[in-house]
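Those letters in the sequence shown? Residues 1 to 278, per the numbering used here, in order.
Even glycine gets a Cβ: it sits at the ideal position worked out from N, Cα and C.
Taking it in order: structure first as structure tokens, then the write-up.
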Amino acid sequence: MSDYVKPAQIVGSMIESGVIKARLPAADLLVRAILAGAYLAFVTSMAFLVAAQTGQFIVGALLFPAGFALIVVLGMELLTGNLGVLPTALFAGRIGWGAMLRNWGLVFLGNLLGSLLYAVLFWIAATDAGNTTGGAIGDKLRALAVTKTTAYEAFGMAGMLTVFVKAILCNWMVSLGSVMGLASTSTFGKILGAWLPIFIFVSQGFEHSVVNMFAIPVGMMFGAHVTMVDWWVWNEIPVTIGNAVGAFVMTGGALYFTYGRGIVASSQDTTQASGMRG
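Spelled out as structure tokens, the structure:
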């Protein structure tokens, strides 16, 4: 028996998922977001370790979606996915702006805390608590922190536009990871569905706000010449905004426009018919 879920049903599930996420208690949101941030940090360090060992970044890109699969299967809270899912509930009139922004704010905070927690633990493990430079992986992460911040700064506003566009392209795909996780009723189908768009994003080096919550500060811990201002001004803030635009418009907005309006209209017709019978 097929476990395929049709697109209109997927969007219906997105709406229901958005409602549930918007109503979660703050403590649950934070715990699930902290775990999600840590899971992505785990696979980020793994991807760059494998790339350093093999000399082939594509190998790390193939393995990276494992962290996203954990998030989908366990129902964790990841900002980049929620940026695409919750708008469908907003457009359907099931939640308000306040509830959506509350979720995004708490999840951003939790993802940041989880990413920084793993960054500290990873730095300790990789450097023997500061007694070594971290070897090849330390070199990779130092260079990555520079590439994601001051390298953009060197191009001025052109660099700012570049990082913003890379963030839009990133979350056009990454937010689809959450959507594709709803395209199957089987665990294997959910994992495979989520795997595909995440691999597409990673293989092209686009900008992901939660990944960068680990990648940049850990590079700074390894000695990259990057400041807190560099991190937030030239990456974290524009990337978060770009991720929001990509998910809100290209995923939540576009999918709701072509499928969700029919779901809401059908639901309203059913409600009106029930009222007339009553």
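Would you report the Cα separation of residue i and residue j, rounded to the nearest angstrom?
| i | j | result |
| --- | --- | --- |
| W231 | V245 | 20 Å |
| G193 | N212 | 24 Å |
| R32 | L161 | 32 Å |
| G98 | V73 | 27 Å |
| Q53 | D139 | 12 Å |
| V43 | L117 | 14 Å |
| M220 | I34 | 21 Å |
| M100 | A66 | 27 Å |
| G159 | M250 | 23 Å |
| F91 | I263 | 12 Å |
| G260 | S13 | 10 Å |
| A151 | A136 | 21 Å |
| V179 | T132 | 42 Å |
| L40 | G156 | 30 Å |
| S186 | L255 | 22 Å |
| G105 | A8 | 29 Å |
| S115 | A145 | 15 Å |
| E77 | H225 | 32 Å |
| F68 | A154 | 32 Å |
| A125 | M46 | 13 Å |
| L24 | F214 | 25 Å |
| A51 | I168 | 25 Å |
| G134 | L79 | 30 Å |
| A288 | R94 | An answer regarding residue 288 cannot be provided, because it is not within the stretch 1 to 278 covered by the chain. |
Let me check understanding here. Comparing Cα to Cα, which of the options lies closest to residue i?
| i | options | result |
| --- | --- | --- |
| G177 | L70, K166, L49 and A33 | L70 |
| S209 | L106, A254 and N243 | N243 |
| F164 | S175, A125 and V239 | V239 |
| S175 | F188, L196, M157 and T187 | L196 |
| I237 | A136, Q9 and T149 | T149 |
| G289 | P217, I15 and A154 | Since the first and last residues shown for the chain are 1 and 278, residue 289 lies out of range. |
| F222 | D128, D28 and G12 | D128 |
| K6 | A36, A158, L30 and A183 | A183 |
| L49 | Q204, F64, M76 and K190 | F64 |
| L112 | G37, G260, G55 and N235 | G37 |
| W172 | G12, G253 and T132 | G253 |
| D3 | A136, I191, T258 and R94 | I191 |
| S203 | K166, F188 and R142 | K166 |
| N82 | V19, G93 and F201 | V19 |
| F201 | T227, A215, C170 and G75 | C170 |
| K21 | G93, V107, V11 and G55 | V107 |
| A27 | G93, L109 and S17 | L109 |
| F122 | M228, V218 and T227 | V218 |
Is residue i helix, strand or coil when you go by DSSP?
| i | result |
| --- | --- |
| S184 | strand |
| K6 | coil |
Say whether the region 50-64 touches the region 79-88, bearing in mind that this needs 3 or more beta-carbon pairs closer than 8 Å, one atom from each stretch.
no
Continuous alpha helix (DSSP H) assignments of at least 4 residues falling wholly in the region 94-154:
97-127, 135-147 and 150-153
Mind listing, in chain order, the continuous alpha helix (DSSP H) runs of no fewer than 4 residues lying wholly within the region 8-33?
none
Length-filtered (4 minimum) alpha helix (DSSP H) runs lying within the region 46-85
57-63 and 65-74
Please list the segments of the alpha helix (DSSP H) lying wholly inside the region 227-264, counting only runs of 4 or more residues, in order along the chain.
228-231 and 237-245
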